[in-house]
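Undergrad: Listed in order, the protein sequences are those of chains A and B. When you line the first sequence up against the working numbering, it's residues 1 to 528, in that order. When you line the second sequence up against the working numbering, it's residues 1 to 382, in that order. Before I ask anything, here is the structure I am working with.
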Amino acid sequence: MSTVVESHDHGHHGPAKGLSRWLFTTNHKDIGTLYLWFSFIMLFIGGSMAMVIRAELFQPGLQIVQPEFFNQMTTNHGLIMVFGVIMPAFVGLANWMLPMQIGAPDMALPRLNNLSFWLLPMAFGILISTLFMPEGGPNFGWTFYAPLSTTYAPSTVNFFIFSVHVMGVSSILGSINIITTIFNMRAPGMTLMKMPLFVWSWLITAYLLIAVMPVLAGVVTMMLMDINFGTSFFNAAGGGDPVLFQHVFWFFGHPEVYIMILPAFGIVSHIIETFSRKPIFGYSSMVYAMASIAILSFVVWAHHMFTVGMPLAGELFFMYSTMLIAIPTGVKVFNWVATMFRGSITFETPMLFSIAFVALFTIGGFSGIMLAIVPADFQYHDTYFVVAHFHYVLVPGALFGIIAGAYYWLPKWTGNMYDETLGKLHFWLTFISVNVTFFPMHFVGLAGMPRRYPDYALQFADFNALISVGAFMFGLTQLLFLFIVIKCIKSGKQAKPEVWEGAGELGLEWTLTSPPPYHSFSIQPQVK
Amino acid sequence: MAYFKKVLTKFIFVIPFLFSSIAFSESSDYNMKVGVTEVSESIFELHMLIFWICVGIGVIVFSIMFWSLWKYRKSKGAVAADFDDNLGLEIGWTVAATLVLIWMAVPATQVMVEAYDDAEGEINILITGHQWKWHYEYLEDEVGYFSNLSTSQEEINGDVPKGEFYLREVDEPLVIPTNTRIRFLITGNDVIHSWWVPDFAVKQDAIPGFINTAWTNVPEPGIFRGACTELCGIKHAFMPVVVRAVEREEFDAFIAQKVTLAEAERLLTSKNWTKEELMERGEAFYATNCAACHQAGGQGIPPVFPALQGSQVAMNDSARHIEILMEGVQGSAMAAFGESYSEIDIASVITYTRQAWDNDTNGDGVIVTPQDIVAYKNRIDL
Chain A
1 MSTVVESHDH
11 GHHGPAKGLS
21 RWLFTTNHKD
31 IGTLYLWFSF
41 IMLFIGGSMA
51 MVIRAELFQP
61 GLQIVQPEFF
71 NQMTTNHGLI
81 MVFGVIMPAF
91 VGLANWMLPM
101 QIGAPDMALP
111 RLNNLSFWLL
121 PMAFGILIST
131 LFMPEGGPNF
141 GWTFYAPLST
151 TYAPSTVNFF
161 IFSVHVMGVS
171 SILGSINIIT
181 TIFNMRAPGM
191 TLMKMPLFVW
201 SWLITAYLLI
211 AVMPVLAGVV
221 TMMLMDINFG
231 TSFFNAAGGG
241 DPVLFQHVFW
251 FFGHPEVYIM
261 ILPAFGIVSH
271 IIETFSRKPI
281 FGYSSMVYAM
291 ASIAILSFVV
301 WAHHMFTVGM
311 PLAGELFFMY
321 STMLIAIPTG
331 VKVFNWVATM
341 FRGSITFETP
351 MLFSIAFVAL
361 FTIGGFSGIM
371 LAIVPADFQY
381 HDTYFVVAHF
391 HYVLVPGALF
401 GIIAGAYYWL
411 PKWTGNMYDE
421 TLGKLHFWLT
431 FISVNVTFFP
441 MHFVGLAGMP
451 RRYPDYALQF
461 ADFNALISVG
471 AFMFGLTQLL
481 FLFIVIKCIK
491 SGKQAKPEVW
501 EGAGELGLEW
511 TLTSPPPYHS
521 FSIQPQVK
Chain B
1 MAYFKKVLTK
11 FIFVIPFLFS
21 SIAFSESSDY
31 NMKVGVTEVS
41 ESIFELHMLI
51 FWICVGIGVI
61 VFSIMFWSLW
71 KYRKSKGAVA
81 ADFDDNLGLE
91 IGWTVAATLV
101 LIWMAVPATQ
111 VMVEAYDDAE
121 GEINILITGH
131 QWKWHYEYLE
141 DEVGYFSNLS
151 TSQEEINGDV
161 PKGEFYLREV
171 DEPLVIPTNT
181 RIRFLITGND
191 VIHSWWVPDF
201 AVKQDAIPGF
211 INTAWTNVPE
221 PGIFRGACTE
231 LCGIKHAFMP
241 VVVRAVEREE
251 FDAFIAQKVT
261 LAEAERLLTS
271 KNWTKEELME
281 RGEAFYATNC
291 AACHQAGGQG
301 IPPVFPALQG
311 SQVAMNDSAR
321 HIEILMEGVQ
331 GSAMAAFGES
341 YSEIDIASVI
351 TYTRQAWDND
361 TNGDGVIVTP
371 QDIVAYKNRI
381 DL
């Protein structure tokens, strides 16, 4: 083996030409780019589904689509946004940034890396193809509660199950790669407590993924058995238990929601320290807070199920454990604010998105605490109040984290500065429309509008019209983001290696040229 | 455009009063319903307490953040300090956060204990969620009935103006007496539903194979409207809950009437039914229970809901026709109606669908009588 390696001329290593560059690539940057574009495309597909939903809900009555198709839209919008947009975008950022942040040439397992990406288009190809089948795609909500998703599901549910299996394999392989890379390929001197926070956030996320993706695979396999092989895991008539489904699903599902926010915590921490020109406040408490959130995420799952009829002790336990999560999350918010305090702050686009992240994610946190209060949850559960809550943590939370990260690192990736004026325009349009869309959902939810309704009572009409206007504005604004990204790839002011004033001190990625060499660090840097 | 303008003016007016309106208005357009029971009032107060604590924390955190952003902006020549740690501060805010949570948890626990009580009621009502209607059964009196959405398809499609209680009205509401402890036993027949009445702060999932409990005690008469809150399929939005609370005497009269009707119905089973009688009854039953999916003209919505007009089963196979009505069709939306409806209803709707839409001229036009259904049941039981 070693002779083969030595016979290579290292000076000529570069990307292959044409399609094969992307199909067979084992380069962390190419794979990162693939992940990010995949996620971007899925954002527009999942977003179009949201537009169908909002168009139908613009006015009471059934105007545009029938309930059957509406349910397919809500289901696929959720599945695509969770598994096809937020998660791949974070994996894409990890692929690009982890080797550069820890001073490694590439990911530890490059071929595995290629496989974990290319599984994703397969998985989503399968999922989306069901929409074109005569019986239609999955229509039982992204949480696919049995028996609606088993005994009463269209037969295309089998495609859905296979697709979830493939997504799970992709996530698990990606996580193994990330953990291996972080533990084995850090530059000399980079101890665990010197790792950049984005690396920490991904290390914790990867462990969460490895812990819960098999649980998701387990629950869909049980569904598969119930549907095709006559078992009765979730079928009460056969002695099974429909509530078991929910327990298993949410044992996966709650860590999953932290999988979708922890990497954003890492990104935002970097951006706030960069543009406050001041080191992050309480680095070690940031790490411990993320670890506590991850551990607590395994003991709160049943707060999604307060109305299934648990015993009093169960309800109270899950209320208290859920409230506990507010402590580490609060610590993170306080630390970000303390980082800004007495800094020297500028407001470039990534910083604007990060400030909005802190403010709006906190609002999502407040509604989270309200939802944790069991008796009050009897009134909130499965209404638009919940929809408002999780969109506040996922859109101005996770998605803003991703967009902020994209603006922050785009000059590093492309070697060109993005158009700052357009970036700011993108921010303000997005910030306004996101609040016009999701804030009124709190009100319609409290007033009593249940979620997953294709049609509603007249009292909710005004707010729904406003929400739809906000949603269309939000959707259109993201086309501007696409334009800004393409413009930045094609042209723009040449970016310096450190890109942002003073960033050279903050991380190894800023010591590389912009754009960085195809193999990030051929010689390992020393970390003091 | 005029509609847009109306909506816009309304919201521009609302924005300055947003927070005050949440706080002080009992209007159900913006905030949780206070409701009419002691539990719902406690829950509302708890909701407002938690809300104001969150607002308080928000005001403090956001003020410090936006003040820092303003005060320490580089364009005003701010120079960054370089501290990155303060153990006292960090311990301080962790302890403060914990104390605030305890402040929330204590009243939350009290209200939860108050709301959670599964002791028997004076009146016990079994609520069963079906795709897509509710069935109410008074356990003490052994009478029950279905409660269907009464909003017309024309209103939903926008062919006629929508009424005041669009999608919040049913043909037969649940009737309960006031000032009586009522226990609801809630279960599901097919998929999971969830029975919610905001005015009582009662929301319980209706799960097949489980019986959940909830209770209420309504102090004043009135009509209270709620909804199904667990995705249960295509008509999830079209199975509202309506509860009518009445004085005890009125309730007793209502139950007495239901009991008489049920007895009369039982007697009718043995009567000899003519085709016309069956047709008339079947047509009404079809309109309430079948037309939503199979459509008024029997054309269905293929492939999800098959057409009945010209269907081989409806034209030429009465045995299979009875079987489908009685047992449902596994893996489809077609429920088993046999358990839930009388022999007369089943027989009449089968007879109706075998005669309607030219099915009788194109097929055998067999008439199915209540006695046939009784015979079917006996055969199955053997």
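Glycine included, each C-beta is placed from N, C-alpha and C at the ideal position. Please read these numbers as outputs of a predicted model, since none were measured by experiment.
Inspect the beta-carbon positions of Y418(A) and L429(A) and report whether they are closer than 7 Å.
TA: By 1-based counting over the first sequence, the position of residue 418(A) is 418. By 1-based counting over the first sequence, the position of residue 429(A) is 429. No, the pair does not count as a contact, with Cβ atoms beyond the cut-off.
Undergrad: Check whether the Cβ of K332(A) lies closer than 7 Å to any Cβ atom in chain B.
TA: Taking the first residue of the first sequence as 1, we reach residue 332(A) at position 332. By this cut-off, K332(A) is not an interface position.
Undergrad: Identify the continuous alpha helix (DSSP H) that holds Y35(A) and give its terminal residues.
TA: Reading the first sequence from its first residue, position 35 is the one you call residue 35(A). Where Y35(A) is concerned, the enclosing alpha helix (DSSP H) stretches over 28-57.
Undergrad: Can you tell me whether F188(A) is buried or exposed, with buried defined as 16 or more other CB within 10 angstroms of its CB?
TA: Working through the first sequence from its first residue, we reach residue 188(A) at position 188. First, the residue type needs correcting, since residue 188(A) is Pro and not Phe in the sequence shown. Taking all protein chains shown into account, P188(A) has fewer than 16 neighbouring C-beta atoms within 10 Å of its C-beta and is therefore exposed.
Undergrad: Compile a chain-ordered list of the residues in the region 492-522 of chain A whose CB is closer than 8 Å to at least one CB of chain B.
TA: none
Undergrad: List, in order along the chain, the chain A residues whose C-beta lies closer than 8 Å to that of F82(B)?
TA: Your numbering for residue 82(B) matches position 82 in the second sequence. The question names Phe, but residue 82(B) is Asp in the sequence shown. The answer, in chain order, is K278, P279.
Undergrad: Step through the CB atoms of chain B and report whether any lies within less than 7 Å of the CB of Q379(A).
TA: The residue you call residue 379(A) lines up with position 379 of the first sequence. It does: the Cβ of Q379(A) has a partner Cβ on chain B nearer than 7 Å.
Undergrad: Considering only the alpha carbon of each residue, which of F353(A), A356(A), A388(A) lies closest to M370(A)?
TA: For this step, residue 370(A) is matched to residue 370 along the first sequence. The residue with the shortest Cα to Cα distance from M370(A) is A388(A).
Undergrad: Please identify the residue among F233(A), V212(A), G218(A), L506(A) whose C-alpha is closest to the C-alpha of P255(A).
TA: Along the first sequence, one-based indexing puts residue 255(A) at 255. Among F233(A), V212(A), G218(A), L506(A), the Cα nearest to that of P255(A) is on V212(A).
Undergrad: Which residue's Cα is closest to the Cα of N124(B): Q110(B), V106(B), V175(B)?
TA: To locate residue 124(B), count along the second sequence from 1; it is residue 124. N124(B) has its Cα closest to that of V175(B), out of Q110(B), V106(B), V175(B).
Undergrad: Quick one: is W526(A) buried, meaning 16 or more other Cβ sit within 10 Å of its Cβ, or exposed?
TA: Position 526 of the first sequence, counted from the first residue, corresponds to residue 526(A). It is worth fixing the name first, because residue 526(A) is Gln in this sequence and not Trp. Classification for Q526(A): exposed.
Undergrad: Could you give the DSSP three-state label for T151(B): helix, strand or coil?
TA: The sequence position of residue 151(B) within the second sequence is 151, counting from 1. Residue state, collapsed to three classes: coil.
Undergrad: By a C-beta neighbour count over all protein chains shown, 10 Å radius and 16 as the cutoff for buried, is R320(B) buried or exposed?
TA: Taking the second sequence and counting its residues from 1, one reaches residue 320(B) at position 320. Exposed.
Undergrad: In this structure, does DSSP put I15(B) in helix, strand or coil?
TA: For the purposes of this step, residue 15(B) is taken as the residue at position 15 of the second sequence. Confidence at I15(B) is low in this model, with a pLDDT of 49, below 50, so the placement of that residue is unreliable and no value is reported for it.
Undergrad: Grab the span of the beta strand (DSSP E) containing C228(B) for me, first residue to last.
TA: Working through the second sequence from its first residue, we reach residue 228(B) at position 228. 222-228 is the extent of the beta strand (DSSP E) around C228(B).
Undergrad: Could one say the Cβ of Y288(A) lies closer than 7 Å to chain B's Cβ atoms, at least one of them?
TA: Locating residue 288(A) in the first sequence gives position 288, where the first residue counts as 1. No, because no Cβ of chain B sits closer than 7 Å to the Cβ of Y288(A).
Undergrad: Identify each residue in the region 135-163 of chain B for which the Cβ-Cβ distance to at least one residue of chain A is less than 8 Å, and report them in chain order.
TA: E155, I156, N157, G158, K162
Undergrad: Assign A119(B) to one of three DSSP states: helix, strand, or coil.
TA: Translated into positions along the second sequence, residue 119(B) becomes position 119. Residue state, collapsed to three classes: coil.
Undergrad: Should V300(A) be flagged as near chain B, meaning a C-beta pair shorter than 7 Å?
TA: The residue labelled residue 300(A) in the question sits at position 300 within the first sequence. False, the Cβ-Cβ gap to chain B never drops below 7 Å.
Undergrad: Can you check which of these residues, L173(A), W500(A), M97(A), is closest to L115(A) by C-alpha distance?
TA: Position 115 of the first sequence holds residue 115(A). Answer by Cα proximity: L173(A).
Undergrad: Along chain A, in chain order, which residues have C-beta atoms closer than 9 Å to that of K235(B)?
TA: Here residue 235(B) corresponds to residue number 235 of the second sequence, with the count starting at 1. Here the neighbours are P67.
Undergrad: Rounded to whole angstroms, what is the Cα-Cα separation between P303(B) and G168(A)?
TA: As a working note, residue 303(B) is residue 303 in the second sequence. As a working note, residue 168(A) is residue 168 in the first sequence. Near 32 Å, if we compare the C-alpha coordinates of G168(A) and P303(B).
Undergrad: Indicate the three-state DSSP secondary structure (helix, strand or coil) for A187(A) in the structure shown.
TA: Taking the first residue of the first sequence as position 1, residue 187(A) is located at position 187. Note: A187(A) maps to coil in three-state DSSP.
Undergrad: Report yes if the C-beta distance between T231(A) and M225(A) is below 7 Å; otherwise report no.
TA: Here the question's residue 231(A) lines up with position 231 in the first sequence. Here the question's residue 225(A) lines up with position 225 in the first sequence. Yes, Cβ-Cβ distance for T231(A) and M225(A) is below 7 Å.
Undergrad: Locate the alpha helix (DSSP H) running through N362(B), then write down its first and last residues.
TA: One-based indexing of the second sequence puts residue 362(B) at position 362. Unbroken alpha helix (DSSP H) run through N362(B): 359-362.
Undergrad: Taking 7 Å as the threshold (beta carbon to beta carbon), is T130(A) in contact with chain B?
TA: Looking up residue 130(A) in the first sequence gives position 130. Answer no: the Cβ-Cβ gap between T130(A) and chain B never drops below 7 Å.
Undergrad: Does the Cβ-Cβ distance between F438(A) and G401(A) come in under 7 Å?
TA: Your numbering for residue 438(A) matches position 438 in the first sequence. Your numbering for residue 401(A) matches position 401 in the first sequence. Taking 7 Å as the Cβ cut-off, F438(A) and G401(A) do not qualify as a contacting pair.
Undergrad: Using a 10 Å radius around the Cβ and a threshold of 16 neighbouring Cβ atoms, would you call F252(A) buried or exposed?
TA: What you label residue 252(A) is simply residue 252 of the first sequence in a count that begins at 1. F252(A) should be labelled buried.
Undergrad: Would you mind reading off the limits of the beta strand (DSSP E) that contains E137(B)?
TA: On the second sequence, residue 137(B) is found 137 positions in, with the first residue counted as 1. 133-138 is the span of the beta strand (DSSP E), which, as asked, contains E137(B).
Undergrad: Just mark Y258(A) as buried or exposed, buried being the case when its beta carbon has 16 or more other beta carbons within 10 Å.
TA: Sequence index remark: in the first sequence, residue 258(A) carries index 258 (1-based). Classification of Y258(A): buried, given that the 10 Å Cβ count is 16 or more.
Undergrad: List the DSSP bridge partners of I176(B).
TA: Stepping through the second sequence from its first residue, residue 176(B) is reached at position 176. BP columns for I176(B) point to A245(B).
Undergrad: Closer than 8 Å, Cβ to any Cβ of chain A: which residues of the region 99-110 of chain B, in chain order?
TA: Taking 8 Å as the Cβ-Cβ cut-off against chain A, the residues of the region 99-110 of chain B that qualify are L101, M104, A105, A108, T109.
Undergrad: For a contact defined as C-beta to C-beta under 9 Å, what are the partners of K33(B) on chain A?
TA: For the purposes of this step, residue 33(B) is identified with residue 33 of the second sequence, where counting begins at 1. The answer, in chain order, is Q379, L446, A447, G448.
Undergrad: I'd like the list of long-range same chain contacts for A108(B), defined as Cβ closer than 7 Å, with 5 residues on each side in sequence excluded.
TA: Residue mapping note: residue 108(B) aligns to position 108 of the second sequence, counting from 1. Counting only Cβ-Cβ distances below 7 Å, and skipping sequence neighbours, we find L46.
Undergrad: Give me the Cα-Cα distance between A236(A) and A289(A), rounded to the nearest whole angstrom.
TA: As a first step, residue 236(A) must be located in the first sequence, where it is residue number 236. As a first step, residue 289(A) must be located in the first sequence, where it is residue number 289. Each residue's Cα considered, the two are about 41 Å apart.
Undergrad: Alpha carbon to alpha carbon, how far is L93(A) from S201(A)? Give it in angstroms, no decimals.
TA: As a first step, residue 201(A) must be located in the first sequence, where it is residue number 201. As a first step, residue 93(A) must be located in the first sequence, where it is residue number 93. Going from the Cα of S201(A) to the Cα of L93(A) covers about 12 Å.
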